[in-house]
Structure formats: structure tokens, C-alpha cells
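Everything on this sheet refers to the single structure shown next.
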Amino acid sequence: MLLARLAQVSREVAATSARSRKTALLAELFREAEAADVPVVIPYLAGRLPQGRIGVGWKVLGRPVPPAAAPTLTVREVDARLTRLAAVSGPGSQAERTRLVGELMGAATEDEQRFLLGLLTGEVRQGALDAAAVEGLASATGAPAADVRRAVMLAGSLQAVAEALLAEGPDALGRFRLTVGRPVLPMLAHTASSVAEAVARLGSCAVEEKLDGIRVQVHRDGATVRCCTRTLEDITDRLPEVTAAARELPGERFVLDGEVISFGADGRPRSFQETAGRVGSRTDVATAARAVPVSPVFFDVLSVDGRDLLDLPLTERHAELARLVPGPMRVRRVLVAGPEDVRAAEDFLAETLARGHEGVVVKGTDAPYSAGRRGASWLKVKPVHTLDLVVLAAEWGHGRRTGKLSNLHLGARAADGSFVMLGKTFKGMTDALLTWQTARLGELAVEEHPWGVTVRPELVVEIGYDGVQRSTRYPAGVTLRFARVIRYREDKRPEDADTVETLFAAHPEAAP
DNA sequence: TTCCGACAGTGGGGTCGCAAT
DNA sequence: ATTGCGACCCCACTATCGGAA
1 MLLARLAQVS REVAATSARS RKTALLAELF REAEAADVPV VIPYLAGRLP
51 QGRIGVGWKV LGRPVPPAAA PTLTVREVDA RLTRLAAVSG PGSQAERTRL
101 VGELMGAATE DEQRFLLGLL TGEVRQGALD AAAVEGLASA TGAPAADVRR
151 AVMLAGSLQA VAEALLAEGP DALGRFRLTV GRPVLPMLAH TASSVAEAVA
201 RLGSCAVEEK LDGIRVQVHR DGATVRCCTR TLEDITDRLP EVTAAARELP
251 GERFVLDGEV ISFGADGRPR SFQETAGRVG SRTDVATAAR AVPVSPVFFD
301 VLSVDGRDLL DLPLTERHAE LARLVPGPMR VRRVLVAGPE DVRAAEDFLA
351 ETLARGHEGV VVKGTDAPYS AGRRGASWLK VKPVHTLDLV VLAAEWGHGR
401 RTGKLSNLHL GARAADGSFV MLGKTFKGMT DALLTWQTAR LGELAVEEHP
451 WGVTVRPELV VEIGYDGVQR STRYPAGVTL RFARVIRYRE DKRPEDADTV
501 ETLFAAHPEA AP
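Quick note: the first sequence, position 323, residue 323 per the UniProt record's numbering, numbers continuous.
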């Protein structure tokens, strides 16, 4: 199959907003694909490279190359070239990758170049990625979409399911079961604004502490232990403590879901930055582990001794977890019967925060484990802090925000009346707000840049954030974590804005 | 008919490892 | 030695479609 055909379909998919039409276009293409093209066509249309990320970003892509006049590239040829490119390493590798990318782009037509650019940078922007590819695949093969989706979640891979399905038909789906040693996409949580809201929505529930670490899925099969992240990246080699802990447990074959986090000598959790830095260390794990030891803390079990527990209610899965994993290695939790019991849940949240954790996750007791889904039966609750800050500048948006001032530079008031930048945010804005702020900030602009405008510091905006973290980028030495716009405060003047001192008073642990 | 779940998009900041300078 | 880049960890929130209620 020619790459040009993929580029054409991607363009057509992007041009329609109807999901059913997107699915139909993808299904048509999957039907056309030869068997040998499938392992490439499927991930490409889901906006992914079979090789994963291959060390090509904006810098390596370099300057635009004149496009070819006629399409000649096949998808398999492109895949073979990218496999070679991914294997390049050592001194001079960046130049060699740049050369190979240039060669590839030179062989591509304008339409193909546009598609390849999106693929390589991870910005396909066709409004249809995994879910649409799953639907299209189901439609192309006559398999029920729900069965295909479930197989993909359990295989942790669209590609493997696609190959089996196109080669053998819908019967192949039965093969994709939960298997110890093969990572499963983890269940994710929605957000609730308060424990009361979460309990009201779920009724009978478990309230579990939410640790601010790295999600980890642990598979043990006899002496073999594998650990993977939320995106199914294998990090076994970086977590010797977790491997050892899993081997100590009284079970030979199981799959556990939890969080890996580092506790200080005082027993309190270290900051996310410290835990993430440790888990990110690959070159000298032993030294990193001595400085920042990590512990696994589990909250779910997906399989034990060959029994698949995914469809069991939380209560039953937790009973299995309690049999397998000792208390100190499980998250703390309380059971709440319903809204009449909300005080217990609120007290538990307060205790959890006092112990230095992030918040809680409220889970419906009857809910199964929905692999790969953001199930409505898991609701996280974290306290939200707010500050009134001043807009110092704004950056032009991209994609659907092109032409709108989007990303705001946020400043707190300093003692001398100047403003200290604390970070940026593009979150929390409706389209109407984007339009309004583009006009308003345009009036306040004092300087235009290629990236946006700097403005007179007059506009006050209420910002929500989850906490502060250390920063070398900003002058106060800290920045806001997950800052988002709540509302503009046109009733406030910049001299009413919050100060750096206010910030440090609210977060004394972050003060210099 | 209205409501709501799921998904894609729009990016934020930090840290590590590797290559370039 | 330092800097720049890419990958990947954490993540919030809005718009939209289409099935559920």
C-alpha cells in the first residue's frame, strides 16, 4: 500500500467531525490493506509508530525539504527506513538521523510530508486515534467493537489484536485473555470536587489514600517479576526493591496494581519530584536506590494463581489482595456505606493529607476492574488551592487555538510592586473566554513577539493549582503544579493580587 | 429529547540520558 | 563540563459526538 493512500485517508478523517464517518474511512482502509501491511497501517492510522518514539523531534526534522512530485513510497518502505533510523546511535547519530529523515521527506509528496510530520512529532491531529482505530478494525472484520476493545486493553497493544483479527477473523479475539507477564492497560480515575460529591455519586464505596508517586503494575510468575508503568513501559530493572518485595509475597503467580513511592526516614512521603527522579534513573540504579529507596504500595489485584479477577467486584478483589499482600504494603482505606457516612470519608481525607499524601480515590465497592478505561467508579479527590495572579504575557495557541492568545504567563506581586513569574497555564478556558482574553490582552499589549505578546500587568486572574514544586526556571525558585484558570477577576486591580509571601505562607515547606 | 460517557486536543513542568558544543 | 533535545513521568480541563436514559 502506498503511503499516499494513508495520507489521503488521514486528511479525510481530519476533515469530518462525525465519528461514524471517521470510523467508516478507517475501516475501508483496513479492508484494503494486505496482510503484510497491517502491522504498519494500523499503528500509523492510530497516530503511532510501531517502533515507538525514535529520537526524532522538531530539531532533527530540520529545514523543510522540497517534496517529491509523485507518490512512490509504500508504507512498508517507510517502516523499513524508520526501523533503520531508530537503530542509529553513538557520536554523529543526530546528524545521521537528520540526513535519513531528510532523505525520507525528499521522497514524499507534500501530502505525505504533512502526514509523516504529524506521525514523527506525535501530532497527527485527525481527531481520531486509538478509539476510532478500534471501531474501524471492528467494522472491517465484523467483530463486535466491545470485544475488540477488550482484547486491546488485555493485550496492551492494538497492533497485536489487529494482526490476529485480520488474519484469522473474530474467533482470534478469544485468545486475548489476561496473562501473567503481559501488561494490561490500567484502570484510571475521574475527578470529583469533594469527598461528599464522590460518595453521593457512588453510594457504597472504599475511600483509599492517593499516593503521589509512579503507577506500577507488577507481574510475578514464579521467580520472574516484571514491573511496568501506566503506559506499559517496562521498568523492572529500575525497581529492585519492588521485584524483591514481589518475590516475598505468598503467591507464585499474580498481577498487582499499585503505586511506587519513596518515603523519607521520618516515614513521610518524599516529593513527587524526588520519587520520579529516582524511578527515572537507569544508569546506576544501585546508587540511586541507596539515596532514594522506593516502596510499592498496592491497591488492586487483577489475577492470582491463574484466576482472572478483572470482572469481580472491588470487594472481592480486595479480599484477594488482603490475602496476598501484607497491610503495610497496601494503601490505607476506609469503607463507607453511603452518603449518611460521609463524615468518616472526610475525616479519612484529612488524615491522609496530614500524613503528607495527595488526596484520596473513592471507589465503588461493586465495580469491576475496567482495564484501559477511565471508569466512573473511581473518583479522585484532591484539595485545590487558589491564588489571584496577574497576567504578564500570553502566547499564541496552536491547532484549534490558532489565532487565539492561549498560554498565560502568571505573576505574583513582589514587595517592591514588581511581579514575579510563577509559571504558565492554558487550562480551564472556554472558547468564549479565549476569544475574550485575546481581545482584552490585545488592548493591553506593550510588545509583540513571534510567540505572543507581553502586556501591561493589569489583568487579575484566579488560578487553581495542586501545590508548588521546586523550579530552576522561575525566579522565586518554585512553580505552580497543574495551574488552571478558574475565572478572571475584573473586580480586582493588580495591587490586590496575591504576593509571593502569600504563596510561601500557604506552602511553608516550599519557602526558601 | 436531553443527558452524559468517552475521546481527542491543548499544552504545563520536572528529570533523566545522550549527543553536541 | 555544560547545554539542548527527546522521552516519559505526573496532570486539568473543554468541546464534541453519539449512545443511553
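Where a beta carbon is used, it is the ideal one built from N, C-alpha and C, also for glycine.
Bear in mind the structure is a predicted one, so any value in this text is a computation, not a measurement.
#1: Is the beta carbon of Val180 closer than 7 Å to that of Val216?
#2: Just list the residues that DSSP pairs Asp37 with in beta bridges.
#3: Which residue's Cα is closest to the Cα of Glu501: Glu490, Asp466 and Ala476?
#4: If Met187 sits next to Trp378, beta carbons under 8 Å apart, how far is it from one beta carbon to the other, in whole angstroms?
#5: Give a yes or no on contact between the region 53-68 and the region 100-116, applying the rule of three or more CB pairs nearer than 8 Å.
#6: So, do the region 231-250 and the region 395-411 have three or more beta carbon pairs nearer to each other than 8 Å?
#7: Pick helix, strand or coil for Arg150, following the three-state DSSP scheme.
#8: So the candidates are Asp496, Tyr465, Arg489 and Arg493; which of them puts its Cα closest to the Cα of His507?
#9: Pull up the distance between the alpha-carbon of Pro296 and that of Phe272, whole angstroms please.
#10: To which residues does DSSP link Phe298 through a beta bridge?
#11: Measuring only the C-alpha atoms, how far is Leu166 from Val75?
#12: Taking DSSP as the reference, what is the three-state secondary structure of Arg97?
#13: Grab me the residues of Ala483's own chain with a C-beta within less than 6 Å of its C-beta, minus the 5 sequence neighbours each way, in chain order.
#14: Quick check on Ile486: does DSSP put it in helix, strand or coil?
#15: Excluding the 5 residues preceding and the 5 following Ala200 in the sequence, name in chain order all residues of the same chain whose CB lies nearer than 6 Å to its CB.
#16: Bridge partners of Met421, per DSSP?
#17: Between His385 and Leu434, what straight-line distance do the alpha-carbon atoms span, to the nearest angstrom?
#18: Cβ of Pro183 within 7 Å of Cβ of Leu232?
#19: Going by C-alpha distance, which of Leu309, Ser262 and Cys205 is nearest Arg278?
#20: Taking DSSP's pairing of strands, which residues face His219 in a bridge?
#21: What are the partner residues of Ala445, as DSSP defines its beta bridges?
#22: Leaving out five residues on either side along the sequence, give the residues of the same chain with a beta carbon under 6 Å from the beta carbon of Val342.
#23: Can you list, in chain order, the residues of its chain whose CB lies under 7 Å from that of Arg401, leaving out five sequence neighbours each side?
#24: Taking just the CA atoms, how far does Arg355 sit from Pro313?
#25: If you reduce the DSSP assignment to three classes, tell me which class Leu185 lands in.
#26: Round the Cβ separation of Arg253 and Arg220 to the nearest angstrom and send it over; I've been treating them as touching at under 8 Å.
#27: State the Cα-Cα distance for the pair Ala223 and Ala244, rounded to the nearest angstrom.
#28: Could you pull out every residue in the same chain whose Cβ sits closer than 8 Å to the Cβ of Leu29, ignoring the five residues on either side in sequence?
#29: Buried or exposed for Gly267, please, with buried defined as at least 16 other CB atoms from any protein chain shown within 10 angstroms of its CB.
#30: Comparing alpha-carbon positions, which option in Ala162, Val362 and Glu316 lies nearest Ala192?
#31: Quick check on the burial criterion: 16 or more other C-beta atoms within 10 angstroms. Buried or exposed for His449?
#32: With a threshold of 8 Å on Cβ separation, who are the neighbours of Leu100 within its own chain once the five nearest residues in sequence on each side are excluded?
#33: What are the boundary residues of the beta strand (DSSP E) that includes Lys380?
#34: Should Glu447 be labelled buried (16 or more other beta-carbon atoms within 10 Å of its own) or exposed?
#35: List the whole-angstrom C-beta distance separating Gly359 from Met153, where the pair is believed to meet the contact cut-off of C-beta under 8 Å.
#36: Would you check if the distance between the CB atom of Val78 and the CB atom of Leu3 is smaller than 7 Å?
Reading off the structure:
#1: no
#2: Bridge partners of Asp37: none, in fact.
#3: Ala476
#4: 6 Å
#5: yes
#6: no
#7: helix
#8: Tyr465
#9: 14 Å
#10: Gly258 and Arg330
#11: 17 Å
#12: helix
#13: Gly423, Thr425, Ile463 and Tyr465
#14: strand
#15: Pro339
#16: Gly411
#17: 23 Å
#18: yes
#19: Ser262
#20: Arg226 and Val255
#21: Val455
#22: Ala196 and Val199
#23: Leu434
#24: 29 Å
#25: coil
#26: 7 Å
#27: 10 Å
#28: Arg5, Leu6, Val9, Val41, Leu45 and Gly136
#29: exposed
#30: Val362
#31: exposed
#32: Arg81, Arg84, Leu85 and Val88
#33: Arg374 to Val381
#34: exposed
#35: With 8 Å as the limit, Gly359 and Met153 do not qualify as a contact, their Cβ atoms being about 26 Å apart.
#36: yes
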